[in-house]
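J.: After the structure tokens below, expect a handful of questions from me.
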Amino acid sequence: MGILVILFAVVISPPPGVSPLARMTGPDIPPGWSYTPSGMINRIPIVALAVVGLLISRYMAAFQLGHIDSVWDPFFGDGTAKIITSEVSEAWPVADAGLGAAVYALEIVTGVIGDKRRWRTMPRVVLFFGILIVPLGVVSIFFIIIQPIVIGTWCTLCLVASLAMLLQIPYSFDEILATLQFLKDRRRQGKSIWHVLWHGDTMEAGSMDEANEFGGSFTAVLRQILRTGVRFTWTMAASIAIAITLMFSRVTFGTAGAAADSDHVIGLLVVTFSIMALSEVGRPLRFANVPLGAWLIAAPILLTGYSSLAATASVICGVLLILLALPRGPIESRYGAWDRFILIVDAKK
140 MGILVILFAV VISPPPGVSP LARMTGPDIP PGWSYTPSGM INRIPIVALA VVGLLISRYM
200 AAFQLGHIDS VWDPFFGDGT AKIITSEVSE AWPVADAGLG AAVYALEIVT GVIGDKRRWR
260 TMPRVVLFFG ILIVPLGVVS IFFIIIQPIV IGTWCTLCLV ASLAMLLQIP YSFDEILATL
320 QFLKDRRRQG KSIWHVLWHG DTMEAGSMDE ANEFGGSFTA VLRQILRTGV RFTWTMAASI
380 AIAITLMFSR VTFGTAGAAA DSDHVIGLLV VTFSIMALSE VGRPLRFANV PLGAWLIAAP
440 ILLTGYSSLA ATASVICGVL LILLALPRGP IESRYGAWDR FILIVDAKK
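Per the numbering used here, the sequence shown starts with residue 140, numbered consecutively.
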């Protein structure tokens, strides 16, 4: 009901705080960009992943609140039940899974508000959308990190919900960047950032986008949804595979104690940065895997709990992560002033 109230209030009809001039005039595409990051094509993956997270979180909240007697976990037995009834979960004044469900619900609502120009007409909504996704996505990774270390087990449903949150991040980077660039430009023009943040603004630069977002075959539209601003590079895919192997090094390599905890933390961090780097805007984040790989090389010397096999594997994984972080991977789109940070500036274009 809460979602429907918000949808009818601000989605069905345009929000009254948005300036009519900002809505009716100005470009669809930010200056120097090759597409509009606020198109529904770009937001569909985020909203779909938020729906997955909402359903899972609501199911776990039902168990926490006593609405159901048991909770399903296909891989870790009673792991989900132990996690969501642990001291960490019950330290919150409300059901933490229910709080997560509320966040996913807000993501869905803010994900469908506005049109393809909202990067400049509704900056406040875009930035709030980004706050829901990026910082809270990092918080969800923190809770996954502490599961085997503090509680001693895993939670399948928590892993899936956190993965849904994490996969939203690379799809959100471009719209956040476009809005921040727009606010910086308005400040340079002498406009009040506070006023622009709440009311939006128009601008002369940029271009209009007359294309139908959902034109073409279903396959073509699906490809556009999955690949606009995000590329699943083989280097990051390989890094993620290595990281997942490290996360379960207790089983794969027989690590124990500090070594196993280190592999678990490093593995999750590599997964996080590698998924973020799937975004063309966030591609420089791949270099975060370099110091993480260097730590894996040094860890067998500094920590206990490594067998000879585990120590060798740690060094090999560290070297591979460093090498896989070096290639930039393909970049198809342009992002204005941000191009120089992802090294795609070409004087001929």
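Don't be surprised by glycine CBs; every beta carbon is placed ideally from N, CA and C.
Which same chain residues end up closer than 7 Å to Ala-236 when comparing Cβ atoms and leaving out the 5 residues on each side of it in sequence?
T.: Within the same chain, Ala-236 has close Cβ partners Ser-196, Met-199, Ala-200, Gln-203 and Ile-223.
J.: So, for Ile-283: in the same chain, excluding its five sequence neighbours on each side, which residues have a beta-carbon less than 8 Å away from its beta-carbon?
T.: Cys-297, Leu-298, Ser-301 and Leu-407.
J.: Within the chosen definition, does the segment 240 to 255 reach the segment 211 to 226 through at least 3 CB pairs nearer than 8 Å?
T.: The segment 240 to 255 is not in contact with the segment 211 to 226.
J.: Could you give the first and the last residue of the continuous alpha helix (DSSP H) run that contains Glu-229?
T.: From DSSP, the alpha helix (DSSP H) with Glu-229 extends over 226 to 229.
J.: For the putative contact between Thr-318 and Val-265, defined by C-beta atoms under 8 Å, what is the C-beta separation to the nearest angstrom?
T.: Confirmed, Cβ separation roughly 4 Å.
J.: So is Ala-399 buried or exposed if we call it buried at 16+ other beta carbons inside 10 Å?
T.: Ala-399 is buried by the Cβ-count criterion.
J.: Check each candidate in Thr-367, Arg-370, Asp-167 and Leu-463 and name the one with the smallest Cα separation from Ala-382.
T.: When each option's Cα is compared against that of Ala-382, the closest is Leu-463.
J.: Pull up the CB-CB distance for Pro-176 and Trp-258, whole angstroms please, since I reckon it's below 8 Å.
T.: Sure, about 6 Å apart at Cβ, within 8 Å.
J.: Output the distance between the C-alpha atoms of Leu-194 and Arg-263, rounded to the nearest integer angstrom.
T.: So the alpha carbons of these two residues sit roughly 27 Å apart.
J.: By the three-class DSSP mapping on this structure, what secondary structure does Val-369 have?
T.: Strand.
J.: To the nearest angstrom, how far is the alpha carbon of Ser-453 from that of Thr-394?
T.: One C-alpha to the other measures close to 10 Å.
J.: Beta-carbon within less than 8 Å of Ala-397's beta-carbon, same chain only, minus the 5 sequence neighbours each way: which residues are those?
T.: Correct list, in chain order: Leu-442, Thr-443 and Gly-444.
J.: Mapping the DSSP letters down to three states, classify Trp-477 as helix, strand or coil.
T.: Note: Trp-477 maps to helix in three-state DSSP.
J.: Taking only three categories from DSSP, how would you classify Ser-418?
T.: Of the three classes helix, strand and coil, the one that applies to Ser-418 here is strand, per DSSP.
J.: With three or more beta-carbon pairs closer than 8 Å as the criterion, would you say the segment 319 to 333 touches the segment 420 to 440?
T.: No: fewer than three Cβ pairs fall under 8 Å.
J.: Along the chain, which unbroken stretches of the alpha helix (DSSP H) at least 4 residues long are found entirely within the segment 224 to 300?
T.: Those alpha helix (DSSP H) runs which fall completely within the segment 224 to 300 and span 4+ residues are 226 to 229, 235 to 251, 257 to 260 and 262 to 285.
J.: Using a threshold of 8 Å, state whether the C-beta atoms of Ile-481 and Pro-423 are closer than that.
T.: Yes, the pair counts as a contact, with Cβ atoms nearer than the cut-off.
J.: Note down the Cα distance separating Asp-313 from Arg-389, rounded to an integer number of angstroms.
T.: If I take the Cα positions, the gap works out to 38 Å.
J.: Applying the 10 Å Cβ sphere with the 16-neighbour rule, what's the burial state of Lys-221?
T.: Buried, since its Cβ has 16 or more Cβ neighbours within 10 Å.
J.: Less than 8 Å separating the beta-carbons of Gly-192 and Met-304?
T.: Contact flag set, yes.
J.: Which residue wins for smallest C-alpha separation from Tyr-474, given the options Glu-419, Val-278, Ile-280 and Thr-374?
T.: Here the closest residue by C-alpha is Glu-419.
J.: What number of angstroms, rounded off, separates the C-alpha of Asp-478 from the C-alpha of Thr-367?
T.: Each residue's Cα considered, the two are about 16 Å apart.
J.: Count the other C-beta atoms from every protein chain shown that fall within 10 angstroms of the C-beta of Phe-147, then say buried if there are 16 or more, exposed otherwise.
T.: Exposed, since its Cβ has fewer than 16 Cβ neighbours within 10 Å.
J.: Tell me whether Gly-192 sits in a helix, a strand or coil according to DSSP, three-state version.
T.: Helix.
J.: Can you check whether the CB of Val-242 is closer than 8 Å to the CB of Leu-275?
T.: Yes, the pair counts as a contact, with Cβ atoms nearer than the cut-off.
J.: Assuming Pro-469 and Thr-374 form a contact by the criterion Cβ under 8 Å, report the distance between their Cβ atoms to the nearest whole angstrom.
T.: That pair is no contact at about 11 Å.
J.: So is Gly-234 buried or exposed if we call it buried at 16+ other beta carbons inside 10 Å?
T.: In the sequence under discussion, the amino acid at residue 234 is Ala, which differs from the Gly named in the question. Ala-234 should be labelled buried.
J.: Just how far apart, CA to CA, sit Thr-295 and Thr-384?
T.: Each residue's Cα considered, the two are about 16 Å apart.
J.: Just reading off the alpha helix (DSSP H) that Val-390 is part of, what are its end residues?
T.: Here the alpha helix (DSSP H) through Val-390 covers 388 to 391.
J.: Taking all protein chains shown into account, do 16 or more other C-beta atoms lie within 10 angstroms of the C-beta of Leu-143, making it buried, or fewer, making it exposed?
T.: So Leu-143 ends up on the exposed side.
J.: DSSP state of Tyr-310, grouped into three classes?
T.: Tyr-310 falls in the helix class under three-state DSSP.
J.: Alpha carbons only, please: which of Phe-268, Ala-449 and Ile-280 is nearest the one belonging to Thr-411?
T.: Taking only the C-alpha atoms, the option nearest Thr-411 is Ile-280.
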